[in-house]
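To keep things clear, I will list the structure first and then write my remarks on it.
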Amino acid sequence: MITTANLEKYRNGDFLQFVNNVLELLPQTTADQLNIGSQRTVLQTAAQSFNNAYLPYTGSDITPEIQALDAQRDNAVIGIKMILEAWQYHFDPETKNNAFALLDILNRFGERIYKLRYQLETATLTAS
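Take the sequence shown: its letters are residues 1 to 128, numbered as in full-length UniProt numbering.
In structure tokens form, the structure reads like this:
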């Protein structure tokens, strides 16, 4: 059974992968035989343009510094979460309850915040 792709539900990366798959499955010679060679060429040009715009810019001099700071932030979030999990077993009921409350707040933003992309992780951590 052939199903139609629901393109409006695709995210940018999914859409780009779909277009690249179409281009890979439909070589130029086959497209020419089907009299859709010009449409394939237009699609390929648009896909290349979209791919260039979609790829993150990594040419900055501060990229390694940003990556190091992001790794440090990831480790800090993991450490805070582990400390809160440990405090759930504290002998003092007030400390224990506070740990549960803080961990609940942290988990509302996602179990694995540190696995998110830079921008999404920043937006999640700064959300109020």
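Beta carbons: idealized from backbone N, C-alpha and C, even for Gly.
**Item:** C-alpha gap between residue 115 and residue 84, whole angstroms
**Value:** 19 Å
**Request:** Alpha carbon to alpha carbon, how far is residue 36 from residue 23? Give it in angstroms, no decimals.
**Result:** 12 Å
**Message:** Here's the rule I'm using: 16 or more other beta-carbon atoms within 10 Å means buried, otherwise exposed. How should residue 5 be labelled?
**Reply:** exposed
**Prompt:** Are residue 28 and residue 40 close, meaning C-beta to C-beta below 8 Å?
**Reply:** yes
**Prompt:** What number of angstroms, rounded off, separates the C-alpha of residue 129 from the C-alpha of residue 30?
**Reply:** With the chain running from 1 to 128 in the structure shown, residue 129 is simply not present.
**Request:** Kindly indicate the opening and closing residues of the alpha helix (DSSP H) around residue 14.
**Result:** 12–25
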